[in-house]
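Enquirer:
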Amino acid sequence: MKKNILFAMALISLMAISSFAVNPREMTFPPLKFEPPEPVRFIIDNGIIVYFLEDHQLPVITTAALFKGGTVYDQSSKIGLTELTATLLRTGGAGNRNPEQIDQDLDFVGAVINSASSNDYLMLDLRTLKKDADLGFEMLADMLQMPLFDTSKISLEISNRKDEIRRQNDDPGTITRRIYYQTTYAGHPYGNFATLTSMDAIKRDDIIAHYKKFYAPNNCILAISGDLTLNEAEEFVGKYFGSWEKSNLTLDSIPAATMRYKPGVYYGNKDINQANIRLGHLCIDDKNPDRYALDIVNFALGGGGFTSRLTGQVRTSAGLAYSVGSYIFNRPHTGVFFAYCQTRASAMSQAVQMMLDIIQGVKDSGITQEEMDMAKESIINSFVFNYATPDQIVNAKAMLELSGFPSEQMTKDLEAYKAVTLSDCGRVAGKYLDPKNMVITIVGNKEQFDKPMDMFGPITEVPMEIK
Amino acid sequence: MRTLLAITVIVLGFIALSFAQESMQFPVNQFTLDNGMTFLVVERHTAPVFAGYITVQVGSGYERTGDIGSAHLLEHMMFKGSQTIGTSDYKAESEIMIKEDSVYEMIDQARRLTPYIKINNPEKLDAHLKYIDTLKSTLDSLSQISSQYVIQNEFDEIYTRHGAAEFNAGTGYDNTSYFVSLPSNRLELWFAMESDRLKYPALREFYPERDVVSEERRLSVENNSDSKMIEQLIGTAFIAHPYQIYWEWQSEENNLKRSDLERFFKTYYIPQRIVVAVVGDVKYDEVKKMAEKYFGEMPKGIDPEPIYTIEPEQPGERRVEVTFEANPAVFIAYHKTSFSDPDEPTFQVIKRLLGDGRTSRLYNSLVLEQQICLDISTSFFPGGDMGDLHPGLFTIYAYPKEGVGTIDIENAIYAELEKLANTPVEEKELTKIKNNIDANFIWGFYSNLGLSGSLADAQSIAHDWKYLIRFRDKLKAVTTEDIMRTAKKYFAKENRTVATLIPKQTGGAQ
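Chains as they are written, first to last, in my numbering: chain A, 1 to 467; chain B, 1001 to 1510.
Written out as C-alpha cells, the structure reads:
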C-alpha cells in the first residue's frame, strides 16, 4: 500500500502550486469597537442581588443562583458535606414535590436545573424555555427555600459518592490532580478531599445546618438572562424569591494557605505506560495586583497554547506530549501555579527536566518583548468573547460581585493588562516562579521510567489505598 | 493570473421555529462555488464575533490498511501552517523535506530486510543495524536543517494574536472539522488563513508530530479505562467495516509517511467534499465575496470511491473482557442503522427514552430504584447527531455499584430492553421525549459555534442542511409501534456485543 519515494516527490511538487497573494501574517485590523451590553442590577428587600440581561433572540431563559460558601468551609471530619448538600438540593425533593416529581416535572418540559459546588462558591443553575419559565422558577425557588432532603435520597447520594471515591484511582489524571492539591495545600482546606470515612460521618442534621447557613437570600446573587423584559424579570424574582427570609449570615474567615510541604517528588504508583506529571507551588491570591503581569508571564510560559514555550518545546519540537502547559489559578485564599504534561514513561525525566529548565529560564530572564506583545494582543483581542452569550455576561458580572470585585472590574482588568510592562513581567517571574521548591507530582510505573525520580528531589510515595 | 469563478447557485432558506406564543427566524443563506464547495451563512448581529466551521467529508472511517491513522494525523498536520505561514523559505524547506522523506524511505526499506538478515545472514546483522542507525541520525540532522526555516506554530500564533477563541479541530469517522471563533472584524483573516492551509498545505515537522499523536493515543486510550473498553467493544462488534478501529493502532501510526498523508489529502480534501458554515456578526454579501476570492480558485478534485464494505450480519452474541487497573464496568453494543434508514429516527428516540436524564428508563431503574448502578448512559457510535454514514452501534455504558456483579447489571438492562419491545410506551413518556427534542433543538442555536457545527454536519451527512429540521420532524413523528418494532428487531441477543472491565489488582489501587 505504501507508495514509493518518486510518488511522494511528485505529490510535493504538485502541491507547491502557487504563492499566496494576501499573506495572513501581514494582515492588520483596527481594534474592534463595541459597547458591551450592560446587565441591569437590582436588589430586593431580603438582600438578593439580581443581575439581569434582556435578550429576545431565542425563547429561552437562564438563571444562576450563586452563593459564597464552598468546600473550604467543610469541617475536616465531614469533608464532602458541601458537595453532598448541593447535590441533594437538586435531588432530594423540594416544596410539595418529592424527588421523583421534581425529576419528572423538569424532564417533561426539557428544563434543566443543575447544582454545583467549588472550593469557594455554590451554584444552582436553571435553563428553560420561556414558556416553562413559571415552572422553572418555581422549582428553583423551592429547592433553595424548601428543600426536603429526603432520607432515602441522602443514603443513596452518600452511597454513590462513596462509590465515586472507590473509583478515584481509575483515572491517572484524577490521581495526579489529587496528590498535587493534597500536597501543595497540606494543612489548608483547599487540600481536602472527601473519603469513605468522612462521607459516613455526615448526618441529615449536618446537611440541614449547612443548608441553613449558606443558602440564604442575603448571601445570594441571581444572574438572569434571556427572553424576558425587565418588568417580567422583576415580577418573577418578587413572586418566587421575595418571601425568602433573611438569615443572620456569618461566614468563618478562611486563612490564607501557607507553604507547609517539603519540596520534592510525590509519586503515585499506577501501572500505566505514561508518566502523568504536574509540578508547581503555591502562588498569589485573586486580589494580588501582580496577577496581570503574572498572567502574561504564564501566557508566554505555558498558558497561551501553542505559542507558549512549554508547548513549543515539549510538544512541537520534542514530540514528548500531547497535552502540556501551565496554569495559574488565582484563588481567594492563595492560588497555585503548576505546569503539567503526560509523556511516555521512558521519557519521564527528559520531560520533567525540560519543564523545570523552561520555568527556570523564565524566572531568570523573564519573557521577551514579542512574547509580552503577543500575550497582550491575544488578551485584548479576545476580550469580546467575555460577552459572546447573554448567560456568560450576567454570570460573569455576578461572579465578580460575589468574589468582592467592583462591577466594572472586567474593563479595569483589560486596562491593567494593557499597562503591564516588560520589567513588571521580569519582576513577577523572578518573584513568584520557584522551580527549586516545587511539589513534583508523578503518577505512573517507576519501573518504566528512564531515570530514578530522586534526581528531582527526595521522593515521597503517596499511598494509593482508599479510605 | 487567475480569474475568479462565478457563484452559480444561491439558495435562501429559513430555519423557522414556531411556538404557541413566540416565534423566531434565522435565515440561512446558502451558496455553492463552481468547484463544489458549499457555504452556509447565518447573520446574527448580537455580539461582534463569529464562528467559522469547516467540515471535510472524510474521517478515519475512510482509512484502509496502510492509511490507518491518516485522517487524525493529517488533522494535526493542518495546524503546521501552509506554504506561506510557518516558514521563512518554503522552497528551501520543501527541498529538505523531500530529502527527509527519501532517507526515511531508506530506513523503511532497510527495516523490512531485518528479519531475513536475522535468519539467513546473522553475521551481517550488526552492520545492518548500524546502517539503520546512521540513516536515523541523517534524518535527525535533516530535521535540524529544515527547522531553521520553520516558524514554529505560526498558524496558531496568528489566530491567538487576533483574539481567537475555541480554535480547534476534530477527527471523526465520517467527517473532520476545523473551527474557530474570532472578533467579527477578522472575517478576512479567517478566509485567508483557512484557504491558505487548504490550498497550499505544508506537512512540516512531520516526524515529531507523529510522536505527539502517539502520546495522545497513550493518554486517551491506553491509560483510560473507558476508551480501552470502547476500543475492544467496537473492535469486537465490527469484523469488517472501518468503524471497527477506535483509535489508530500504534504500529500503523509509527509507520505512516508524509506521502501517505499527502495522498490522503489529495484524495479527500477537495472542494466538493468541503462544507463551510459561518455564523455570527457577518454580512452575507461579504462572506460570498470572500469565498469567491479565497476559495474560488481551489481546483475541483476527482470524486473518490466510497467505502463499499458492509458489516456482515452478526451471527451470535460476542463477548470481550478488558483487564485494567480500574473498577468494574459493562459496555453493551447493538448494531443499528445508518443515517438514511427509516429506523434511524426511532433509534434516536429510543436512545433518549432509555438513557437521557434522571427519568430515563435505565437511569431510573438501575440507578434510582434498584440502586445497582452508579451511573448508566446510552449513546451511539460513532454518534453523529443525525445518524452516521454507515450503520453504527447503539451503546449502553454502565458502572456497577460496589459489590454488584456485571452479570446482574446486564440482566437488569436486558429486562428493560425487553419491556420496550413488548409493552407500548405511554403517551406521556413519548410526549416528554418530544418536548426534549424541541428544547434541545432551540438550545442548539444558543452559541455561534454550536449552530455552525449543526448546519455543517447536516449539510455533510444529508447533503442538505434543511435535513436538520426534517430530521427533528421525523423524530417527533415516531410512534409507540415504531419503538416496539425497532426494539424487537435490533435488541436481539445475536446482535449484541458485551465488554466487561475486569479489575487488575496491582499497586495500591483497589
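Idealized CB from N, CA, C, for every residue including glycine.
(1) Enumerate, from N- to C-terminal direction, the unbroken beta strand (DSSP E) stretches of 3 or more residues contained entirely within the region 1277-1335 of chain B.
(2) Do the CB positions of V1279(B) and V1287(B) come within less than 8 Å of each other?
(3) Quick one: Cα of P31(A) to Cα of E377(A), how far?
(4) Measure the C-alpha to C-alpha separation of Y1446(B) and L129(A) and round it to an integer number of angstroms.
(5) Which residues in the same chain as E1154(B) place their Cβ atom closer than 6 Å to its Cβ, once the five residues preceding and following it in sequence are excluded?
(6) Taking the alpha helix (DSSP H) that Q360(A) belongs to, which residues open and close that run?
(7) What do you reckon, are the CB atoms on K1118(B) and L1125(B) nearer than 8 Å?
(8) Are any of the Cβ atoms in chain B nearer than 8 Å to that of D454(A)?
(9) In the DSSP assignment, what residue or residues form a beta bridge with H517(A)?
(10) Taking only three categories from DSSP, how would you classify S407(A)?
(11) Determine which residues share a DSSP beta bridge with P1201(B) and list them.
(12) Specify the secondary structure class of N1153(B) as computed by DSSP and reduced to three states.
(13) Since T1065(B) is in the beta strand (DSSP E), which residue starts that stretch and which ends it?
(14) Let me make sure I understand the geometry here. Which of K1336(B), D1101(B) and D1457(B) has the alpha-carbon closest to that of F1347(B)?
(15) Nearest-angstrom Cα distance between M374(A) and A1164(B)?
(16) Checking contacts by CB at 8 Å: is F34(A) closer than that to chain B?
(17) Going straight from the alpha carbon of G303(A) to that of V1041(B), what length do you get?
(18) For I49(A), collect the residues of the same chain with a Cβ closer than 6 Å to its Cβ; drop the 5 residues on either side in sequence, then sort them by chain order.
(19) Is the separation between the beta-carbon of M372(A) and that of I284(A) shorter than 8 Å?
(20) Can you tell me which of M453(A), G312(A) and N273(A) puts its alpha carbon nearest to the alpha carbon of Q342(A)?
(21) Consider the Cβ of K246(A): report whether some Cβ of chain B lies at a distance smaller than 8 Å.
(22) Flag G1061(B) as yes if its beta-carbon sits less than 8 Å from any beta-carbon of chain A, otherwise no.
(23) Could you tell me the distance, in whole angstroms, from the CA atom of Y1200(B) to the CA atom of L106(A)?
(24) Could you work out which residues of chain B lie near L58(A), taking near to mean beta carbons separated by less than 7 Å?
(25) Could you tell me which chain A residues have their CB closer than 8 Å to the CB of M1193(B), listed as they occur along the chain?
(26) What residues from chain A crowd round E1273(B), counting only those whose CB sits closer than 8 Å?
(27) Can you tell me where the beta strand (DSSP E) holding F1380(B) begins and where it ends?
(28) Cα separation between A1439(B) and K1432(B)?
(29) Please tell me whether Y292(A) and Y387(A) are closer than 8 Å, where the distance is taken between their beta carbons.
(30) Is D1343(B) close to chain A? Criterion is C-beta to C-beta, closer than 8 Å.
(31) At a Cβ threshold of 8 Å, is V1049(B) touching chain A?
(32) Is the closest heavy atom of the ligand ZN to the C-beta of L1374(B) under 7 Å?
(33) With a threshold of 8 Å between beta carbons, is N298(A) in contact with chain B?
(34) What is the C-beta distance between T1500(B) and T1406(B), in whole angstroms, given that I count them as a contact (C-beta under 8 Å)?
(35) Which class does S1141(B) belong to by DSSP, given the choice of helix, strand or coil?
(36) Please report the residue range of the beta strand (DSSP E) in which A160(A) lies.
Expert: Taking the structure as given:
(1) 1318-1324 and 1329-1335
(2) If you number the second sequence from 1, residue 1279(B) lands on position 279. If you number the second sequence from 1, residue 1287(B) lands on position 287. In this structure, V1287(B) does not lie closer than 8 Å to V1279(B) by Cβ.
(3) Residue mapping note: residue 31(A) aligns to position 31 of the first sequence, counting from 1. Residue mapping note: residue 377(A) aligns to position 377 of the first sequence, counting from 1. So the two alpha carbons sit approximately 10 Å from each other.
(4) The residue given as residue 1446(B) occupies position 446 in the second sequence. The residue given as residue 129(A) occupies position 129 in the first sequence. So the two alpha carbons sit approximately 12 Å from each other.
(5) To locate residue 1154(B), count along the second sequence from 1; it is residue 154. Correct list, in chain order: G1081, I1085 and G1086.
(6) Here residue 360(A) corresponds to residue number 360 of the first sequence, with the count starting at 1. Taken as a continuous stretch (DSSP letters only), the alpha helix (DSSP H) holding Q360(A) covers M348 to S365.
(7) Numbered from 1 along the second sequence, position 118 holds the residue referred to as residue 1118(B). Numbered from 1 along the second sequence, position 125 holds the residue referred to as residue 1125(B). Yes; because the gap between Cβ atoms is below 8 Å, this pair is in contact.
(8) In the first sequence, the residue the question calls residue 454(A) occupies position 454. Judged by the 8 Å Cβ criterion, D454(A) is not in contact with chain B.
(9) Residue 517(A) lies beyond the range of chain A shown here (1 to 467); nothing can be said about it.
(10) Taking the first residue of the first sequence as 1, we reach residue 407(A) at position 407. Correct three-state label for S407(A): coil.
(11) The residue you call residue 1201(B) lines up with position 201 of the second sequence. Note: P1201(B) sits in a beta bridge opposite S1082(B).
(12) In the second sequence, counting from the first residue as 1, residue 1153(B) sits at position 153. Coil.
(13) As a working note, residue 1065(B) is residue 65 in the second sequence. Careful: T1065(B) lies outside any beta strand (DSSP E) and carries neither H nor E.
(14) Here residue 1347(B) refers to the residue found at position 347 of the second sequence. Out of K1336(B), D1101(B) and D1457(B), K1336(B) has the C-alpha closest to the C-alpha of F1347(B).
(15) As a first step, residue 374(A) must be located in the first sequence, where it is residue number 374. As a first step, residue 1164(B) must be located in the second sequence, where it is residue number 164. Whole-angstrom Cα-Cα distance: 12 Å.
(16) The residue labelled residue 34(A) in the question sits at position 34 within the first sequence. It does: the Cβ of F34(A) has a partner Cβ on chain B nearer than 8 Å.
(17) Counting from 1 along the first sequence, the entry for residue 303(A) is found at position 303. Counting from 1 along the second sequence, the entry for residue 1041(B) is found at position 41. Their Cα atoms are separated by approximately 33 Å.
(18) Walking along the first sequence from the start, residue 49(A) turns up at place 49. Hits under 6 Å: I43 and I221.
(19) In the first sequence, the residue the question calls residue 372(A) occupies position 372. In the first sequence, the residue the question calls residue 284(A) occupies position 284. Cβ distance not < 8 Å, so M372(A) and I284(A) don't count as in contact.
(20) For this step, residue 342(A) is matched to residue 342 along the first sequence. The candidate whose alpha carbon is nearest that of Q342(A) is N273(A).
(21) As a first step, residue 246(A) is located in the first sequence; it is residue number 246 there, counting from the start. For K246(A), the answer is no, since every Cβ of chain B falls outside 8 Å of its Cβ.
(22) By one-based count along the second sequence, residue 1061(B) stands at place 61. Answer no: the Cβ-Cβ gap between G1061(B) and chain A never drops below 8 Å.
(23) Along the second sequence, one-based indexing puts residue 1200(B) at 200. Along the first sequence, one-based indexing puts residue 106(A) at 106. Each residue's Cα considered, the two are about 51 Å apart.
(24) For this step, residue 58(A) is matched to residue 58 along the first sequence. Within chain B, the residues near L58(A) are M1024, I1442, F1445 and Y1446.
(25) Locating residue 1193(B) in the second sequence gives position 193, counting from the first residue. Near M1193(B) (Cβ distances below 8 Å), the residues of chain A are P24.
(26) Here residue 1273(B) refers to the residue found at position 273 when the second sequence is read from its first residue. It should be noted that the sequence gives Arg, not Glu, for residue 1273(B). By Cβ distance, chain A contributes nothing, its closest Cβ being about 17 Å from R1273(B), past 8 Å.
(27) Counting from 1 along the second sequence, the entry for residue 1380(B) is found at position 380. Start and end: C1373 to F1381.
(28) As a working mapping, residue 1439(B) is identified with position 439 in the second sequence. As a working mapping, residue 1432(B) is identified with position 432 in the second sequence. Cα-Cα distance, rounded: 11 Å.
(29) Your numbering for residue 292(A) matches position 292 in the first sequence. Your numbering for residue 387(A) matches position 387 in the first sequence. Contact flag unset, no.
(30) Position 343 of the second sequence, counting from 1, holds the residue named residue 1343(B). No - not a single Cβ of chain A is within 8 Å of the one on D1343(B).
(31) Here residue 1049(B) is taken as the residue at index 49 of the second sequence, counted from 1. Output row for V1049(B): interface = yes.
(32) No copy of the ligand ZN occurs in the structure displayed, which carries no ligand at all.
(33) Taking the first residue of the first sequence as position 1, residue 298(A) is located at position 298. Chain B contact via Cβ: absent.
(34) In the second sequence, the residue the question calls residue 1500(B) occupies position 500. In the second sequence, the residue the question calls residue 1406(B) occupies position 406. T1500(B) to T1406(B), Cβ: 5 Å. Contact.
(35) Position 141 of the second sequence, counted from the first residue, corresponds to residue 1141(B). Looking at S1141(B) - three-state DSSP - the assignment turns out to be helix.
(36) Counting from one through the first sequence, the residue named residue 160(A) turns up at place 160. The sequence given here places Asn at residue 160(A); Ala does not occur at that position. That residue, N160(A), is in no beta strand (DSSP E); its alpha helix (DSSP H) goes T151 to R166.
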